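Line by line, the protein sequences are chains A and B. According to numbering that gives the first Met the number 0, the first sequence is numbered sequentially starting from 0. According to numbering that gives the first Met the number 0, the second sequence is numbered sequentially starting from 0. Backbone N, C-alpha and C fix where the C-beta goes; we use that ideal spot for every residue, glycine too. Just so it is clear, the structure is predicted and the values come from calculations on it, not from any experiment.
Number of protein chains: 2
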Amino acid sequence: MSKIRTGQGSSKKDVIIKKAASLFRQKGYAASSMRELADLVGVEAPSLYNHIGSKSELLQAICYTVANEFNGHLGKVKNSKESCSKRIEQVIRFHIEMMLESFDEVYVANHEWKQLGDPFLSNFLQQRRSYENVMAAIIEEGIASKEFRKLHSHVAVLTILSAVRGLESWLRHRKNISKEDLENNMVEHLLNGLNK
Amino acid sequence: MSKIRTGQGSSKKDVIIKKAASLFRQKGYAASSMRELADLVGVEAPSLYNHIGSKSELLQAICYTVANEFNGHLGKVKNSKESCSKRIEQVIRFHIEMMLESFDEVYVANHEWKQLGDPFLSNFLQQRRSYENVMAAIIEEGIASKEFRKLHSHVAVLTILSAVRGLESWLRHRKNISKEDLENNMVEHLLNGLNK
DNA sequence: CCTACCGATCGGTAGG
DNA sequence: CCTACCGATCGGTAGG
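See below:
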């Protein structure tokens, strides 16, 4: 489903971006050097520049690919005919699946976006704000229709998105629980807290 | 209540640590230079070393001060005679208050601990694991006493801690909501999701 | 894809 | 507290 995965059809540039995501997640963007990245790819550092323009371009590619995936999904869910509860559940499950499928990329987009230079930084923040607003609108619709309890919609969005982000630390020290259990537990906790 | 605040009784070292927390939060640890920090303090870079030993020592001081505050509070709550629900609520409220009172420090401890060198890194992770275990034990006690619904306790801990951490992004672009509203909304959402 | 190398900046020290 | 300066490492280029 995603351009993030690296199959046999991937170019050298894709490989470099994939390795960069892994390196940036482990060490942070600023603390990662192009020499280390070159080692992971299996070439000398200057050779990287035959495929990419700069270090910052790698961060941009990672952050924007992730942002596009999330925006694409929310766009589809937004105007569906299902209940607000069902739509929010779909958003939660999508976040959890993205985290499990594209851990490095999502982690980097969540942690290292601050290192983006302008205009990429402001554009990224703009996209995120808009994403949160759409989610808040769905929750407000649910409150108006008495489906949800009367909570501040933006606080609820924050609570949900942050909780889901926490899977990061889960994925670092994998406990013995299946993806299904994880999803169902989290959906139950967050959705029951919302439901009337 | 906390050694984090910088009042009139603070030494130059305290001032440096406080400014470092602010700088590290804004730019990240690795991307912050000692020259920038010196500028904020109002001295030349080499003068910093009359008060501190190294850049990494600053990160250690910030992370450990925060960790000690949280551990101290949880230690007090842990064996209190109150209901599990009440104890979890106290933990949630403490996290929110810490975030509001010592934003820079908590943010840095949450985001930059990975840049700690060993043995500080493993010690920090050990403390955090132990903190989560104590919270999970309280939740399990609540499940056993039928106070809470039957959720995986470690997933619930993760959900709660992550949601509370999300206040970070709230504090960056302050919306018009009071501390009390924020706390009450979040406690209601998270606790109602837990309660039977 | 490599070797050779650049200017800039880093954390930190010496010496006063 | 400063000036002067160190070795190391950085992102990136030239040239083949």
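Around the CB of arginine 86 (chain B), 16 or more other CB atoms lie within 10 Å, so the residue is classed as buried. The Cβ-Cβ distance between alanine 30 (chain B) and glutamine 114 (chain A) falls below 9 Å. Around glutamine 114 (chain A), the beta-carbon contacts reaching into chain B at under 9 Å are Lys26, Gly27 and Ala30. Interface flag for asparagine 70 (chain A) against chain B is unset, since no Cβ pair is found closer than 9 Å.
Residue pairing of phenylalanine 147 (chain B) in beta bridges, as defined by DSSP: B:Asn194.
Collapsing the DSSP output to three states places lysine 174 (chain B) in coil.
In the displayed model, isoleucine 87 (chain A) falls within a helix according to three-state DSSP. Interface annotation, isoleucine 159 (chain A): in contact with chain B, CB-CB separation under 9 Å. In the assembly as shown, arginine 164 (chain B) is a buried residue. Its beta-carbon has 16 or more other beta-carbons within 10 Å. Scanning its chain for C-beta atoms nearer than 7 Å, with the 5 sequence neighbours on each side dropped, one finds around glutamine 59 (chain A) the residues Leu115 and Phe119, in chain order. Within chain A, no C-beta atom comes less than 9 Å from the C-beta of asparagine 132 (chain B); the nearest is roughly 12 Å away. For glutamate 88 (chain A), the CB contacts under 8 Å within the same chain, skipping 5 residues up- and downstream, are Val186 and Leu190 in chain order. Inclusion of valine 76 (chain A) and valine 90 (chain A) in the CB contact set at 9 Å is warranted, their separation being smaller than that value. Taking the beta carbon of histidine 94 (chain B) as reference, no residue of chain A falls within 7 Å; the closest one sits roughly 12 Å away. For the 9 Å CB-CB criterion, glutamate 104 (chain A) and isoleucine 61 (chain A) form a contact.
Under the Cβ distance rule, isoleucine 176 (chain A) counts among the residues neighbouring chain B, one pair being separated by less than 9 Å. With contacts defined by Cβ atoms closer than 9 Å, serine 152 (chain A) and isoleucine 138 (chain A) form a contacting pair.
Contact annotation: asparagine 70 (chain B) and glutamine 125 (chain B) have beta-carbon atoms that are not nearer than 9 Å.
Identification of chain B residues near alanine 155 (chain A) by a Cβ-Cβ cut-off of 7 Å yields His188, ordered along the chain.
If only uninterrupted alpha helix (DSSP H) runs of at least 4 residues are considered, those enclosed by the stretch 58-119 of chain B are 83-100 and 102-111.
DSSP places valine 154 (chain A) inside the alpha helix (DSSP H), whose first and last residues are 152-164.
Per DSSP, glutamate 43 (chain A) lies in no alpha helix (DSSP H) and is assigned neither H nor E.
Between lysine 18 (chain B) and valine 40 (chain B), the beta carbon gap of about 5 Å places them in contact (Cβ cut-off 8 Å).
Annotated three-state conformation of serine 9 (chain A) is coil, per DSSP. In the three-state DSSP reduction, glycine 141 (chain A) falls in the helix class (H, G or I). Taking CB atoms only, methionine 185 (chain A) has a neighbour in chain B less than 9 Å away.
For valine 163 (chain B), the closest Cβ of chain A is nearer than 9 Å.
No Cβ-Cβ contact shorter than 9 Å links isoleucine 159 (chain A) with valine 154 (chain B). A straight-line Cα-Cα distance of about 9 Å links glycine 141 (chain B) and asparagine 194 (chain B). When the Cα atoms are used, phenylalanine 123 (chain B) and tyrosine 28 (chain B) turn out to be separated by approximately 17 Å.
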